[in-house]
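Numbering (my numbering), first residue to last: 49 to 162. Every residue gets a Cβ at the ideal spot worked out from N, C-alpha and C, and that includes glycine. Read through the structure below, which is laid out as structure tokens, and then see the notes.
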Amino acid sequence: QVQLVESGGGLVQAGGSLRLSCAASGSIFSGRSMAWYRQTPGKQREFVARIFSGGSKSYADSVKGRFTISRDNAQNILYLQMNSLKPEDTGVYYCYCYIFSDYWGQGTQVTVSS
């Protein structure tokens, strides 16, 4: 059974930082690409960042230079370090992976006040 559990969201002022974590089931973590998505009310869920099993990374243009995705394979944890946060970064952030099917965490709320 695949399980993804996010944490680390909260309320922060514009310009501040947060670090999100995603604890993943051990058997799935290594060798899999993992990603973060976010969703705001009335909008479709959008891609934020991805890290591949080999360590390469990709980011949405809107977060490049401000967010950093990383992983700890020993602890089976995916991270998203978010700096210079903006009000438009507000949303529910989800951890995602694909193993013959889509798997999502329950999400963690990030609210950035202006």
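Original post:
In terms of DSSP beta bridges, what is residue 61 paired with?
Top reply: On the sequence shown, residue 61 is found 13 positions in, with the first residue counted as 1. According to DSSP, residue 61 bridges with 161.
Subject >> Assumed close pair residue 105, residue 99 - CB separation to whole angstroms, cut-off 8 Å >> reply: Walking along the sequence shown from the start, residue 105 turns up at place 57. Walking along the sequence shown from the start, residue 99 turns up at place 51. Confirmed, Cβ separation roughly 5 Å.
Original post:
Is residue 152 near the ligand GTP, with its Cβ less than 7 Å from a heavy atom?
Top reply: Questions concerning the ligand GTP fall outside what the structure shown contains, since it holds no ligand whatsoever.
Original post:
When the Cα atoms are used, what is the spatial distance from residue 164 to residue 76?
Top reply: The shown model of the chain, from 49 to 162, leaves out residue 164, and the question about it has no answer.
Original post:
Per DSSP, residue 105 is paired with what?
Top reply: As a first step, residue 105 must be located in the sequence shown, where it is residue number 57. Partner(s): 99.
**OP:** Just the C-alpha distance for residue 140 and residue 156, rounded to the nearest angstrom, thanks.
**Re:** As a first step, residue 140 must be located in the sequence shown, where it is residue number 92. As a first step, residue 156 must be located in the sequence shown, where it is residue number 108. Those two C-alpha atoms are separated by around 5 Å.
**OP:** Go ahead and label residue 97 buried or exposed: buried means 16 or more other beta carbons lie within 10 angstroms of its beta carbon, across all protein chains shown.
**Re:** In the sequence shown, residue 97 corresponds to position 49, counting from 1. It counts as buried.
Original post:
If we ignore side chains and look at the alpha-carbon of each, how far apart do residue 87 and residue 94 end up?
Top reply: To locate residue 87, count along the sequence shown from 1; it is residue 39. To locate residue 94, count along the sequence shown from 1; it is residue 46. Using only the alpha carbons, I get a separation of about 6 Å.
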